[in-house]
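**Q**
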Amino acid sequence: MADTGNNRIVVWTDNNNGGVASVVDLNPLTLNTPRGIALVANGDLFISDTGNDRLIRASETGVNVVDLSAIGGLADPWHIIEGESSGVYIADRGNDRIVYWRNGNAQVLSITGLTPPLDGPTGVTGDDNTGYVIELNGRVLRFVGNSNTPTVVDPGLDPSATGFTDIAMERHTHSAFVTDNTFSRLLLFPNGLGPALLVDLFRNLNPVGLLHPHGLDVTNKGDVLIADTGHDRILVIPGTHEGGGSTIFAEPTPLFFGQTPVGTSIDMTLMIRNPSDRTVNVSGTGIENSDGSFSTEPGSFTIDPNGYKPLRVTFSPQTPGEKFATLVIWHDTGEPLRVPLNGFGTGNFSFAMLKFVAGYAEASPAGFTAPNFGAPGQTVNLRFSLFNPTGRSVGGLQFTFQHENPLDKDLLELLEIAPSDTLTTKGFTVYSNSALKVVDAYGDSVPAARIVVVPQLLNGLHGGILPPGNIHLGNVMFRIVGGQEGPPDLSLLGRTIRLKLVRDLVISDENGYAIPSQTNDRDAAVHVGIRGDVSLDGNIDIRDAVLEVRIILGYPVPGGGDYQYHQPISTAFIIADMKPDGKIDVLDIIAQINHILGLDPPLPNFRRLAETPTQTAKIGLGPPVERPDGKTVVLVLLDTGVPLAGAEFTLTFDPSSLTVGAPEVAAQGPMLDYRIAGGLLKIVLYTLKPEGGLTSGTVMWIPVKPRDGRAESELILAEARLGTRNAEPVEAFIVAHSQSVDRRPATPGV
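Next up, the structure:
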C-alpha cells in the first residue's frame, strides 16, 4: 500500500493470526507523497514518488531511482501498473502522457485520434487485450487489442464530476472500477461500457461510507480493494469468481432529463448483473402495476457468469404527474426479480432503478443551495429529501443530522429549518432540536439536529400523507461559527466541515406501520476560508500572492500539504483558486493584486477592455539569436491586440542535450518568476502597471546552450496562459511550438 500521508510503503501479509503489516525499507531514499505501486513478476517493487517527480525501483540488489532522462523525466506521476516482461506503465499526469518502462528503456505511448489530447491522466490499467486510462476531469479512455486509438467511454455523469483518481480492471469481464474523489464513491463500467453504475456499498461498509477514495485494485478472485483516503483505511469488497450465489439483480442507474412534454417517449437503460459462476437464462421481461405507459424490450436472453446485460425501458407519459410501475424479470435461478420504477409526466423527468426487490425509503442531504464555500460567519443551506419507492404513503418520519468535527469545538450552529411547500400543502409540520450531542463513527461527541416531520394536528391524520416518490422535505440553514464580530476564527480557516451523516431514520406509513428504510449519506462539504487567502490569516495580502506564485511554479509551500493544491476538490485548492475557474494560474495572481490595490470589483474601463472581441493572442518561439554579450537566446514572441497583465509559460527540453538558463524579460515593467526542474521550465510574468503590460513584440529571452557532444537539441513551448488586468483569460494560440538549437553560431540579434 502507498501510505501517502505518512510517505511510506506498507506491506500487509494475510495469515491465520489476522495479518501482519510492515513498512518497506527504502533506505537511502526518502519518499514524498507516494501514490502508486506495482509489484512485477520478477519480484521488483516500483513506486511512483509523486512529490519528487520520479519512479523508484526496489529489488534484491537495492533501491534506486529509475533513469527516465531519455524522455525528460516525470512530472506529478500518479498510479502505475505492471506491464509485460516485468515492465510498468505510469500515469505521468504532469506531462499529460502514459509512459512505459522495461529493462532500462522508456517510451511514451502513442495515443492517436483523441480530441482534445490526453489531459492529466491519473490512472492506467489493463491486460493484453483491453486497457483503460482515466483523467482527473472525468474522461475514461478504452483501448482494445493493439489499437492506439481509444474509445471515449461516456460515464453518463454530471460534467462537474472532476475527481477520477484511479481505475482498475476486473479481468474476467474487462469491466472497470473507478474511484471518484469528488463525490466519494465507487463507479463501475460493466464490460467497459457506459453509463457508469454507482456501486452500492451499504451492505459492505459501516455507515461512514467512503471519503475521497484515491487508490484501487482488483484481485484475480475479483476482490475490489479501495484506498479510502479520507478515513485512512483500506476497504475490501469480496469477489465471486471462486463460487457465489445464483441470483441476479439490477444495478441502480438513475438518469435525469430536462423538460419533457406529455406524451414524449423516454428511454433508459437498466443494467442486470449476474454475480454467480453459472449462466443465467432470462425467459422474458414485463411490466406490472403500471399507472403510466411503461414497456420493455421483448424476447429472451442469457447473462454470462459475472456478466451484465443492458435492458431498455420506455416510458410514454399520457398525463402529467408521477407514474409508477414494476419491472419483472423472469429467469431460471429462482423467483422473478421485481424492480420498482417511477417517473414524472412533465417538468423535470427522472427514472430510478433499485436493486432491492422489496423496496426501501431513504432520507439524505441532497447538496447545498448556496455555494459550497464559506468564511466564518457565512450561512449555508442544506437541502434534505425523502425517496420512497415502496408504493406505501408516508405519514411521518424523524431523523438526525450530524456533521464531522475536525476540531474539539462546535463548528456550526443551526439557525432554522424551513419545510418545503410540498410538506406544508400536504399538511405537515417540521420540528427540530438543535441542542443535541451525538457520538460520531470515531467516538467523538458532535453537534446534531434531530428533525421530526409529523402531520399537523389541525388537519388530522388524513391531511398528512406523502405519496411515494422523491419528496423535497425542506432546507436546513447552518451558520459557520466565528467571524460575526471582530477578527475571524483563524482555527476554522482552511478546514472542511462535512455534513454527511443522517442517522436514526424512522418512517411511518399513514396507518402507523414502519416502512423499511435506510439513510443515504451524500458527502456535503463546507470548505471554510476566504478565496485567495492562501496563508490562512484572514486577509488577502502580498504574502498570498507570493504563495500563489510558489504553487504555480511547483515550489514547496510553507506548512506542507502541497499536493492538496493539485486536488480540485480540496479546501486548499478552492482557497488558492482566487478567480475561481477550476485552475490555479497567473489569473489568480492578477486577481489577488487587484484585490490588494482596491480594484475589486473591476473598474469600468477594465470591463470594457475585457469584453472587446479581440481577446486572442498569438505566442511562439523565435529562432535562436546571439546577443552582444555572447549569449545564445531563444526569443518568446507575442502578437496581441489586447494589453496583457500576466502570462504563464510551460517549456520542456531534454536536459541531457540542452542547458537552459534563467529567462530574462526583454522590456521594463513585468515581474518574472521561474523554476527549472529537470527538463521543465515554468515561467510566470505579471504586472498591473498600464505602462508595463505585455504588448506585441519580444517578451522574453531564454538563454540556451547545447551540451558538449550534442549537435542539436530542441526547446518546446508546451503551454501558454494569458490574462488581462481584469484577470480575464485571453485565448493563446501557439504558432511556433519548438525551436531547434545547435552548436553552430547563432544569428546576431538583440
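Position in the sequence shown (first residue = 1) + 759 = the working numbering.
For glycine and all other residues, C-beta sits at the position ideal for the given N, C-alpha and C.
To the nearest angstrom, report how far apart R1151 and V1265 are at their CA atoms.
**A** Within the sequence shown, residue 1151 is the residue found at index 392, counting from 1. Within the sequence shown, residue 1265 is the residue found at index 506, counting from 1. Distance between the alpha carbons of R1151 and V1265: 14 Å.
**Q** Taking only the alpha-carbon atoms, compute the straight-line gap between A1283 and A1122 and give it to the nearest angstrom.
**A** Here residue 1283 refers to the residue found at position 524 when the sequence shown is read from its first residue. Here residue 1122 refers to the residue found at position 363 when the sequence shown is read from its first residue. Cα-Cα distance, rounded: 14 Å.
**Q** Counting only the same chain and skipping the five closest in sequence on each side, list residues whose C-beta sits under 7 Å from that of D1432.
**A** The count along the sequence shown starts at 1 and reaches residue 1432 at position 673. Taken in chain order, the residues that qualify are V1308, L1312, V1443.
**Q** Whole angstroms are fine: how far does the CA of T978 sit from the CA of W771?
**A** Here residue 771 refers to the residue found at position 12 of the sequence shown. Here residue 978 refers to the residue found at position 219 of the sequence shown. Distance between the alpha carbons of W771 and T978 is about 15 Å.
**Q** Within a Cβ cutoff of 6 Å, which residues of the same chain sit near Q1326, ignoring the five residues on either side of it in sequence?
**A** By 1-based counting over the sequence shown, the position of residue 1326 is 567. Result list for Q1326: F1332, in chain order.
**Q** Taking the alpha carbon of V1212 as the point to measure from, which residue in L1251, D1248, F1158, Y1445 has its own alpha carbon closest?
**A** The residue labelled residue 1212 in the question sits at position 453 within the sequence shown. The candidate whose alpha carbon is nearest that of V1212 is F1158.
**Q** From this set, R1386, D851, K1377, R1302, which residue's C-alpha is nearest D1398's C-alpha?
**A** One-based indexing of the sequence shown puts residue 1398 at position 639. Here the closest residue by C-alpha is K1377.
**Q** Suppose the cutoff is 7 Å on Cβ atoms and the five residues either side in sequence are ignored; what does the same chain contact list for T735 look like?
**A** The structure shown does not extend to residue 735, since the chain spans only 760 to 1509, so no value can be given for it.
**Q** Rounded C-beta distance between D1292 and I1334? I'm assuming under 8 Å.
**A** Walking along the sequence shown from the start, residue 1292 turns up at place 533. Walking along the sequence shown from the start, residue 1334 turns up at place 575. That pair is a contact at about 6 Å.
**Q** Around the C-beta of P1363, are 16 or more other C-beta atoms found within 10 angstroms, so that it is buried, or is it exposed?
**A** Locating residue 1363 in the sequence shown gives position 604, where the first residue counts as 1. Note that P1363 scores 37 on pLDDT, short of 50, meaning its location in the model is unreliable and no value can be drawn from it.
**Q** So, is G1004 buried or exposed, given that buried needs 16 or more other C-beta atoms within 10 angstroms?
**A** Counting from 1 along the sequence shown, the entry for residue 1004 is found at position 245. For G1004, the pLDDT reaches just 32, beneath the cut-off of 50, and the residue's location in the model is therefore unreliable, leaving the point undetermined.
**Q** Determine the DSSP secondary structure at Y1190, reduced to helix, strand or coil.
**A** Residue mapping note: residue 1190 aligns to position 431 of the sequence shown, counting from 1. Strand, per DSSP.
**Q** Is the separation between the beta-carbon of G951 and that of N940 shorter than 7 Å?
**A** By one-based count along the sequence shown, residue 951 stands at place 192. By one-based count along the sequence shown, residue 940 stands at place 181. No, these two residues do not count as a Cβ contact at 7 Å.
**Q** Which full runs of the beta strand (DSSP E) of 3+ residues lie inside the region 1269 to 1343, going along the chain?
**A** Those beta strand (DSSP E) runs which fall completely within the region 1269 to 1343 and span 3+ residues are 1276 to 1278, 1283 to 1286.
**Q** How would you label T874, buried or exposed, when you count the other beta carbons within 10 angstroms and need 16 or more for buried?
**A** Residue numbering aside, residue 874 sits at position 115 when the sequence shown is read from its first letter. Answer is exposed; the Cβ neighbour count stays below 16.
**Q** Quick one: complete beta strand (DSSP E) runs, 3+ long, within the region 1370 to 1458?
**A** Those beta strand (DSSP E) runs which fall completely within the region 1370 to 1458 and span 3+ residues are 1375 to 1380, 1391 to 1399, 1405 to 1412, 1417 to 1419, 1430 to 1436, 1439 to 1445.
**Q** Go to I1230, then tell me how far its beta strand (DSSP E) extends in each direction, as first and last residue.
**A** Here residue 1230 refers to the residue found at position 471 when the sequence shown is read from its first residue. Unbroken beta strand (DSSP E) run through I1230: 1228 to 1239.
**Q** Are the CB atoms of N791 and N811 within a distance shorter than 7 Å?
**A** As a first step, residue 811 must be located in the sequence shown, where it is residue number 52. As a first step, residue 791 must be located in the sequence shown, where it is residue number 32. In contact: N811 and N791 (Cβ atoms closer than 7 Å).
**Q** Look up P1148 in the DSSP assignment and say whether it is helix, strand or coil.
**A** As a first step, residue 1148 is located in the sequence shown; it is residue number 389 there, counting from the start. The answer is coil: DSSP assigns P1148 none of H, G, I, E or B.
**Q** Which value, in whole angstroms, describes the spacing of the CA atoms of K1441 and F1492?
**A** Your numbering for residue 1441 matches position 682 in the sequence shown. Your numbering for residue 1492 matches position 733 in the sequence shown. Cα-Cα distance, rounded: 18 Å.
**Q** With 16 other CB atoms within 10 Å as the buried threshold, where does Q1161 fall?
**A** Along the sequence shown, one-based indexing puts residue 1161 at 402. Q1161 is buried by the Cβ-count criterion.
**Q** Going by beta carbon distance, what residues of the same chain come within less than 8 Å of P1178, once the five residues before and after it are set aside?
**A** As a working note, residue 1178 is residue 419 in the sequence shown. Cβ within range, chain order: F1187, T1188, V1189, V1212, L1232, G1233.
**Q** Sorted by chain position, which residues of the same chain lie with C-beta nearer than 8 Å to D855's C-beta, five sequence neighbours on each side aside?
**A** Taking the sequence shown and counting its residues from 1, one reaches residue 855 at position 96. P876, L877, D878, G879, P880.
**Q** N765: buried (16+ other C-beta within 10 angstroms of its C-beta) or exposed?
**A** Taking the sequence shown and counting its residues from 1, the one referred to as residue 765 is at position 6. The residue is exposed, with fewer than 16 neighbouring Cβ atoms inside 10 Å.
**Q** Can you have a look at R1466 and say buried or exposed, based on whether 16 or more other CB atoms are within 10 angstroms of its CB?
**A** On the sequence shown, residue 1466 is found 707 positions in, with the first residue counted as 1. Under this definition R1466 is an exposed residue.
**Q** Any chance you could list the beta strand (DSSP E) runs of at least 3 consecutive residues sitting entirely within the region 868 to 933, in chain order?
**A** Here the runs fully enclosed are 880 to 885, 889 to 894, 899 to 903, 910 to 912, 923 to 929.
**Q** So, using beta-carbon positions, are S1054 and G1043 closer together than 7 Å?
**A** Position 295 of the sequence shown, counted from the start, is the residue given in the question as residue 1054. Position 284 of the sequence shown, counted from the start, is the residue given in the question as residue 1043. No. Outside cutoff.
**Q** Please go through the region 811 to 858 and give each complete beta strand (DSSP E) segment of 3 or more residues, from N-terminal end onward.
**A** Listed in chain order, they are 813 to 818, 821 to 824, 836 to 841, 847 to 851.
**Q** Could you check whether G1438 and G832 sit closer than 7 Å to each other, using their CB atoms as the reference points?
**A** As a first step, residue 832 must be located in the sequence shown, where it is residue number 73. As a first step, residue 1438 must be located in the sequence shown, where it is residue number 679. It is a contact, given that the beta carbons lie within the stated cut-off.
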